[in-house]
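Residue numbers (this note's numbering): 947 to 1170. Just so you know, even glycine gets a beta-carbon here, dropped at the ideal spot from N, CA and C.
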């Protein structure tokens, strides 16, 4: 069984399922293949000669090079069709099963959606920051990484494949938000940022210089 990453959209997940079925069908003797899917959007995308989704592009390439005759049938979901209900149940089991293989990559479109959601949490407008340039390259790095929420300290585990870090004091996930807003260890130092209540307030334009001073004050500026 396979399961997608949390960042994968429903469309991409459904398309990935179709691609997996096609790959399996390629190993069969039969030359006539019928694939049923309840994802109308994923099926319609296959008719697009210029799809943007990489999975759809890959499916089209597989179909053109397969040498088999593939047909697709849309099956309405949640209408009591026993085969489709069994497929939905198996999909739910795959998400929670520890034996499922994680598809640890996402499409460009899904990544873009994730980035847009992230940046809107930091800055609601697309206007440039109206601040003076940083005094050093390192100060600029600290400020930028604070705003996007990615530090070596908090995200290095994604590269090393280790467990995600936790705060030694609070036993909570060690994130930029936790350090900047929540951890009681840095209550006094947080005054440098004006005691922000949200991650939009903490890295706002007025705090551009203060961001670096805050992390330097708590001794984390070199771990960024």
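Distance check for residue 999 and residue 958, CA to CA, integer angstroms please.
8 Å
Name the DSSP bridge partner or partners of residue 1112?
1119
Report buried or exposed for residue 975, applying the criterion of at least 16 other Cβ atoms within 10 angstroms of its Cβ.
exposed
Distance check for residue 1074 and residue 1146, CA to CA, integer angstroms please.
15 Å
My guess is that residue 1011 and residue 977 are in contact by the Cβ rule of under 8 Å, so how many angstroms apart are they, rounded?
So it is not a contact: roughly 14 Å between Cβ atoms.
Go to residue 981, then tell me how far its alpha helix (DSSP H) extends in each direction, as first and last residue.
Premise fails: residue 981 lies in the beta strand (DSSP E), 978-983, not in any alpha helix (DSSP H).
Using a 10 Å radius around the Cβ and a threshold of 16 neighbouring Cβ atoms, would you call residue 1137 buried or exposed?
exposed
Other residues of its chain near residue 1120: CB distance less than 6 Å, five sequence neighbours each side excluded
1100, 1111, 1112 and 1113
Selection from 983, 1009, 984 and 1144 that minimises the alpha carbon distance to residue 995
1009
Taking DSSP's pairing of strands, which residues face residue 1017 in a bridge?
980
For residue 1139 and residue 1160, believed in contact at Cβ under 8 Å, the rounded distance:
5 Å
Tell me which same chain residues have a C-beta within less than 6 Å of the C-beta of residue 1085, skipping the five on either side of it?
1158
If you count every other CB in all the chains shown that lies within 10 Å of the CB of residue 1109, and 16 or more means buried, which is it?
exposed
Between which two residues does the alpha helix (DSSP H) harbouring residue 951 extend?
Unbroken run through residue 951: none, as it is neither H nor E.
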